[in-house]
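Undergrad: Provided herewith is a single structure, encoded as structure tokens, for subsequent inquiry.
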């Protein structure tokens, strides 16, 4: 699967939105990696949750981007990380697997 940002109308717009989210999270103190995460599967409250870019998460919002950072993953929706608020964070110890873009087709496990 190629990298994308939901609702972006072109690859250039997707890159601009991605850059803005990265800038915002960096300003909030997140030490992000360059990995472009497509999906993360994790445990929370006794459930297995799969959040993927473009899908709806538990709060009903669309996942716009997922980032790997120094202590886990940051899942961004419009009001959680992308434009306002803090991202949904998942520590490495709760992560079952993660996929970077272009690895989903081969079902390879992404960086952890």
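In UniProt numbering, the protein residues as written are 1 to 112. Where is the CB? At the ideal position from N, CA and C, for every residue including glycine. Here the structure is a predicted model, which means the values were calculated and not measured.
Measure the C-alpha to C-alpha separation of residue 80 and residue 86 and round it to an integer number of angstroms.
TA: Roughly 5 Å between the two C-alpha positions.
Undergrad: Could you check the C-alpha separation between residue 40 and residue 18 for me, to the nearest Å?
TA: A direct Cα-to-Cα measurement between residue 40 and residue 18 gives close to 18 Å.
Undergrad: Strictly by DSSP, which residues pair up with residue 50?
TA: 41
Undergrad: Quick check: the Cα distance between residue 67 and residue 10, rounded to an integer number of angstroms?
TA: 21 Å
Undergrad: Identify every residue that forms a DSSP beta bridge with residue 65.
TA: 76
Undergrad: Just curious, the beta strand (DSSP E) that residue 89 is in, first and last residue?
TA: 88-91
Undergrad: Rounded to whole angstroms, what's the CA-CA distance from residue 46 to residue 58? Just pull it up for me.
TA: Their backbone Cα atoms lie some 14 Å apart in a straight line.
Undergrad: Taking C-beta to C-beta, are residue 74 and residue 30 nearer than 9 Å?
TA: Taking 9 Å as the Cβ cut-off, residue 74 and residue 30 qualify as a contacting pair.
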